[in-house]
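These notes concern the structure reproduced below.
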Amino acid sequence: PWLGGKKPVRFNLSLSRTQQFLASFGNNGRVEVNKDQQFSITGVSLGIAKRVQWPDDFFTISHSLSYQLYDFKNYRTGLFNFGNGKSNSLAYTFGVSRSSAGPGRIYPLTGSIFEVTAKFTPPYSLFSDKDFASLKARSEELTELQTERQQAGSDLTTAERNELESVDQERFKWLEYYKIKFKGDWYTRIVDKLVLRTNIEFGFLGSYNSDVGEVPFERFFLGGDGLGRNFTLDGRETIQLRGYENNSLTPVDPITFAQEGGIVYNKFSLELRYPLTLKPSASIYGLTFLEAGNSFNNFNDFNPFQLKRSAGVGLRIFMPAFGLLGIDFGYGFDEDLRPQSAGNGPSGWQTHFIIGQQF
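Taking our numbering, the leading residue of the sequence shown gets 4, the next gets one more, and so forth.
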């Protein structure tokens, strides 16, 4: 809403609760839900954004404060090391954006859109007397032992599993991290209504204290159509990269050999668009694209030129009653990062359905 004054000021307040129960197939082949095994997220956020006139009239500055409570109850799925306990996330986000794309938002001909956001939690470990180095070392030791035993067909003992849960619950009771993201779009008019869209994205999830380590939440999952971007089970961000299956360009953890989310990613995209019709009742345009990107487990491994490449064609239809719909056919030129894909060669052709404002 407009909070008054001569300039528009956006204000938002949101309350949310997400609850998931563990489901499995029973002996009768039907899905059975166990409500004694559950995971819930309770969140509240407060935000404000205002347009400014410096450096020019296209800039907007935003601030937001958010709190999320992750509550586990006997929820052992392998997604996290602890299936019982709570994690708290209190974060402040500062954003700067500039938007001069136009003349229309559905099919811009010229201009650009830039956005930089920085999200921070308090550095709790600086004010704590916990021995985080010992907690991290013990967690890694038990996780390695768990992986070795699972590969041999067994698992941790009940006492060892309870200790691993207790250690990680203590490490991540209050999440501490910082998250930097950048996204830029340029629209260049080639001739008539033929437009080249150039896109660059970058994201990094860091930690203040190496003894605590990177949090298991808020990570980046790269690859596919990106339709899971609203899936907030663990605060993850789903990043689109056509020509590959969903989340298939997410790095493998060296200890668990599972895809637990990257902490740094980059992505580049070139998209050539041409409209078939731009009527108010329906806007339709075709496109061809080149894309490349990758994600990594840590910043030391980050190489902005070590990319997974793809190319393809697509179609977009915008109708006021339904929003933006589309379909893309992309070919991945490289092998994805999933363990089961090792040695299989290029990803090949993939079909992606687009619902909402994607790419």
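Think of the CB as a built atom: it goes at the ideal place given N, C-alpha and C, for glycine as much as any other residue.
**Asked** Between the Cα of Ser92 and the Cα atoms of Phe175, Phe336, Thr259, Ala295, which residue gives the shortest distance?
**Response** Here residue 92 refers to the residue found at position 89 of the sequence shown. Considering only alpha carbons, the answer is Phe175.
**Item:** Stretch pair the region 279 to 286 + the region 320 to 327: three plus CB contacts closer than 8 Å
**Value:** yes
**Request:** Measure the C-alpha to C-alpha separation of Gly32 and Ser43 and round it to an integer number of angstroms.
**Result:** Counting from 1 along the sequence shown, the entry for residue 32 is found at position 29. Counting from 1 along the sequence shown, the entry for residue 43 is found at position 40. Going from the Cα of Gly32 to the Cα of Ser43 covers about 27 Å.
**Message:** Less than 6 Å between C-beta atoms, sequence neighbours within five positions excluded: which residues of the same chain meet that for Glu274?
**Reply:** Working through the sequence shown from its first residue, we reach residue 274 at position 271. Taken in chain order, the residues that qualify are Arg200, Leu290, Phe292.
**Asked** In its own chain, which residues sit with a C-beta less than 6 Å from the C-beta of Thr80, not counting the 5 before and 5 after it?
**Response** In the sequence shown, the residue the question calls residue 80 occupies position 77. Contacts found: none.
**Prompt:** Do you know whose CA, among Gln153, Ser157, Thr63, Phe336, lies nearest Ile116's CA?
**Reply:** For this step, residue 116 is matched to residue 113 along the sequence shown. For the residues Gln153, Ser157, Thr63, Phe336, the minimum Cα distance to Ile116 belongs to Thr63.
**Request:** Measure the alpha-carbon distance for Ile51 versus Leu72 and round it to whole angstroms.
**Result:** The residue labelled residue 51 in the question sits at position 48 within the sequence shown. The residue labelled residue 72 in the question sits at position 69 within the sequence shown. Whole-angstrom Cα-Cα distance: 22 Å.
**Request:** Identify, in the order they occur along the chain, each residue of the same chain with its Cβ nearer than 7 Å to the Cβ of Tyr127, setting aside the five sequence neighbours on each side.
**Result:** As a position in the sequence shown, residue 127 is number 124, starting the count at 1. If we look at Tyr127 and ignore the five residues flanking it on each side, its Cβ neighbours are Trp177, Glu179.
**Request:** Quick one: using the 10 Å Cβ neighbour count with 16 as the cut-off for buried, is Gly329 buried or exposed?
**Result:** The count along the sequence shown starts at 1 and reaches residue 329 at position 326. Result: buried.
**Message:** So the candidates are Asn37, Phe123, Pro106; which of them puts its Cα closest to the Cα of Asp67?
**Reply:** On the sequence shown, position 64 is the one that residue 67 refers to. Per the sequence presented here, residue 67 reads as Ser, with Asp not at that position. For the residues Asn37, Phe123, Pro106, the minimum Cα distance to Ser67 belongs to Phe123.
**Message:** My output table needs one value for Asn233: the three-state DSSP class, helix, strand or coil.
**Reply:** Position 230 of the sequence shown, counting from 1, holds the residue named residue 233. Note that Asn233 scores a pLDDT of 49, beneath 50, so its modelled location is shaky; the value from the coordinates is reported in the next line. Of the three classes helix, strand and coil, the one that applies to Asn233 here is helix, per DSSP.
**Message:** For Ala314 and Asn249, I'd like the C-alpha separation in whole angstroms.
**Reply:** Working through the sequence shown from its first residue, we reach residue 314 at position 311. Working through the sequence shown from its first residue, we reach residue 249 at position 246. Those two C-alpha atoms are separated by around 16 Å.
**For Leu167, the nearest candidate out of Phe75, Asn301, Phe83, Gly359 (CA to CA)** = Start at 1 with the first residue of the sequence shown, and residue 167 comes out as number 164. Here the closest residue by C-alpha is Phe83.
**Asked** To the nearest angstrom, how far is it from the Cα of Val36 to the Cα of Phe24?
**Response** Taking the sequence shown and counting its residues from 1, one reaches residue 36 at position 33. Taking the sequence shown and counting its residues from 1, one reaches residue 24 at position 21. Rounded to the nearest angstrom, the two C-alpha atoms are 6 Å apart.
**Message:** Please give me, in chain order, every unbroken run of the beta strand (DSSP E) with length at least 3 that falls completely inside the region 301 to 341.
**Reply:** 311 to 322, 326 to 335
**CB contact flag (Lys76, Gln41, <8 Å)** = Numbered from its first residue, the sequence shown carries residue 76 at position 73. Numbered from its first residue, the sequence shown carries residue 41 at position 38. Closer than 8 Å, so yes.
**Prompt:** Ends of the beta strand (DSSP E) at Glu118?
**Reply:** As a working note, residue 118 is residue 115 in the sequence shown. 114 to 123 is the extent of the beta strand (DSSP E) around Glu118.
**Message:** So, for Ser100: in the same chain, excluding its five sequence neighbours on each side, which residues have a beta-carbon less than 6 Å away from its beta-carbon?
**Reply:** Walking along the sequence shown from the start, residue 100 turns up at place 97. If we look at Ser100 and ignore the five residues flanking it on each side, its Cβ neighbours are Thr63, Glu118.
**Prompt:** Relative to the C-alpha of Asp237, which residue among Gln243, Val218, Pro254, Glu143 is closest?
**Reply:** Within the sequence shown, numbered from 1, the residue matching residue 237 stands at position 234. It is Val218.
**Prompt:** Closest by CA to Arg13, which one among Arg20, Ala26, Lys53?
**Reply:** Here the question's residue 13 lines up with position 10 in the sequence shown. Closest by alpha carbon: Lys53.
**Prompt:** In terms of residue numbering, what span does the beta strand (DSSP E) encompassing Thr161 cover?
**Reply:** For the purposes of this step, residue 161 is taken as the residue at position 158 of the sequence shown. Careful: Thr161 lies outside any beta strand (DSSP E), inside the alpha helix (DSSP H) at 161 to 174.
**Message:** Please report the straight-line C-alpha distance between Ser210 and Asn301, rounded to a whole angstrom.
**Reply:** Locating residue 210 in the sequence shown gives position 207, where the first residue counts as 1. Locating residue 301 in the sequence shown gives position 298, where the first residue counts as 1. Rounded to whole angstroms, Ser210 to Asn301 spans 11 Å at the Cα level.
**Asked** Excluding the five sequence neighbours on either side, which residues of its own chain have a C-beta within less than 8 Å of the C-beta of Thr146, listed in chain order?
**Response** The count along the sequence shown starts at 1 and reaches residue 146 at position 143. Within the same chain, Thr146 has close Cβ partners Asn84, Leu167, Ile258, Thr259.
**Prompt:** Can you tell me whether DSSP reads Thr259 as helix, strand or coil?
**Reply:** Here residue 259 is taken as the residue at index 256 of the sequence shown, counted from 1. Three-state result, Thr259: coil.
**Request:** Report all residues from its chain with a CB closer than 7 Å to the CB of Pro349; omit the five preceding and five following residues, and keep chain order.
**Result:** Stepping through the sequence shown from its first residue, residue 349 is reached at position 346. Taken in chain order, the residues that qualify are Gly335, Phe336, Asp337, Glu338.
**Request:** Could you please give the first and the last residue of the uninterrupted beta strand (DSSP E) stretch that includes Ala52?
**Result:** Position 49 of the sequence shown holds residue 52. Looking at the DSSP string, the run of the beta strand (DSSP E) that includes Ala52 is 34 to 55.
**Request:** Might you give, ordered along the chain, the residues of its own chain that have their beta carbon closer than 6 Å to the beta carbon of Leu18, omitting 5 neighbours on each side?
**Result:** On the sequence shown, position 15 is the one that residue 18 refers to. Excluding positions up to five away in sequence, the list reads Val47.
**Request:** Determine, using beta carbons only, whether Gln309 and Gly333 come nearer to each other than 8 Å.
**Result:** Sequence index remark: in the sequence shown, residue 309 carries index 306 (1-based). Sequence index remark: in the sequence shown, residue 333 carries index 330 (1-based). Contact: no.
**Message:** Assess contact between the region 187 to 197 and the region 130 to 150, defined as three or more Cβ pairs (one per stretch) separated by less than 8 Å. Is contact present?
**Reply:** no
**Asked** Under three-state DSSP, which class holds Thr253?
**Response** For the purposes of this step, residue 253 is taken as residue 250 along the sequence shown, with counting starting at 1. Coil at Thr253, not helix or strand.
**Item:** Three-state class that DSSP yields for Lys182 in the structure shown
**Value:** For this step, residue 182 is matched to residue 179 along the sequence shown. DSSP places Lys182 in strand when its eight states are reduced to three.
**Request:** Determine which residues share a DSSP beta bridge with Thr241 and list them.
**Result:** The residue given as residue 241 occupies position 238 in the sequence shown. DSSP lists Phe224 as partners of Thr241.
**Message:** Is Pro219 a contact residue of the ligand NAP, with contact defined as CB to any heavy atom under 7 Å?
**Reply:** In the structure on display, the ligand NAP does not appear, and there are no ligands present to speak of.
**Item:** Buried or exposed by the 16-neighbour rule on C-beta atoms within 10 Å, applied to Phe362
**Value:** Locating residue 362 in the sequence shown gives position 359, where the first residue counts as 1. Residue confidence for Phe362 is low, a pLDDT of 43 falling below 50, so the modelled location carries little weight; the figure read from the coordinates is stated next. Buried, since its Cβ has 16 or more Cβ neighbours within 10 Å.
**Message:** I need the DSSP call for Glu3, collapsed to helix, strand or coil.
**Reply:** Nothing can be reported for residue 3: it is not among the residues displayed for the chain, which extend from 4 to 362.
**Message:** Taking DSSP's pairing of strands, which residues face Glu294 in a bridge?
**Reply:** The residue given as residue 294 occupies position 291 in the sequence shown. Ser272, Ser313.
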